[in-house]
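Residue numbers (our numbering): 58 to 380. Ideal Cβ placement from N, Cα and C applies to all residues, glycine included. Being a predicted model, the structure only gives us computed values, none of them experimental. Report on the following structure.
Written out as structure tokens, the structure reads:
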């Protein structure tokens, strides 16, 4: 099946084996059993990008930047060094049933020797929507970070929007940076919060097409709006940003988005694996195809990696709201 998917020469047509398919679904739904670590690589080694707030890993003292050298779990018969281990494999080994334990060997900069940490797994809830308020020149701005369009997004979104309405800010910043996408209906739901009416996106296949329009009465249709995007904004993020841009509802600030403009039909197989096959394209209200160029910001601002404590793109979004 893997060979069949690869033979089609389409990067988004892919076969996910059972374990990878399970992880993908858990990540999209925002809930799983594990220790609560966001994983990545640092200088070729498996590293902790950040522990999730309140997670078992954070409670046991795991810190951002820690290197994970070894994973041990007697129940799962895992006893492996992590050198050369892929990210999905590492995630598979670290996640497990609630109440079970996993032993991680950690190397921490500034500590002479590596050490072991035993962590008991629990349910991890990863929020897809986060809200805070920014004060500037005596004015309050709502800053909404949307991390993905997952199974819990609509409910979380509605709660945060209620808080925004109650606070009556002078503007809203919707941050879609590094949001890889997710469910289409989530993109339509979010866009409908800001639009009175109109087309959100069109799906064009070889023999048919379908139009998705504003489908509810939004609560933020008049408040000034800026949307942040970068090269990590893809798929449903680009649909949302593009719909708001084409309907002249928001200013887009940041970098050119990723450019994922195709629709995948998912076929779940009996062994727990799945086949994702490209069947159509996403077309924005103006007729633009997202996959050709992504979303071009109205105000281009590059992120400067040398200024880690300064968010130039967010600063420009705040300036845009106030002006």
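Following the DSSP letters along the chain, one finds residue 94 inside the beta strand (DSSP E) bounded by residues 94-99. In this structure, residue 352 lies near residue 299, with their beta-carbon atoms less than 8 Å apart.
Nearest Cα to residue 338 within the set 320, 354 and 330: 320. Taking all protein chains shown into account, residue 226 has 16 or more neighbouring C-beta atoms within 10 Å of its C-beta and is therefore buried. Judged by DSSP in its simplified three-state form, residue 349 adopts helix. Between the C-alpha atoms of residue 264 and residue 187 there is a straight-line separation of about 40 Å. With respect to the C-alpha of residue 181, the residue from 216, 132, 89 and 124 having the closest C-alpha is 89. Sequence-distant partners of residue 245 (beyond 5 residues in either direction) whose C-beta falls short of 7 Å from its own C-beta, in its chain, are 257, 269 and 272.
Burial is judged here by how many other beta carbons sit within 10 angstroms of a residue's own beta carbon; residue 367 has fewer than 16 and is exposed. Check the Cα spacing between residue 281 and each of 250, 230 and 242: the tightest is with 230. Under the 8 Å Cβ criterion, the stretch 197-207 does not count as touching the stretch 165-175, having fewer than three qualifying pairs.
Annotation for residue 164: 124, 126 and 171 place their beta carbon closer than 6 Å to its own, counting only its chain and skipping 5 residues before and after. Counted as a single uninterrupted DSSP element, the alpha helix (DSSP H) harbouring residue 223 occupies residues 210-224.
If you draw a straight line from the Cα of residue 232 to the Cα of residue 345, it comes to about 22 Å. Restricted to the stretch 137-212, the beta strand (DSSP E) segments that are unbroken, complete and at least 3 residues in length are 158-164, 172-177, 179-182, 186-193 and 196-203, listed in chain order.
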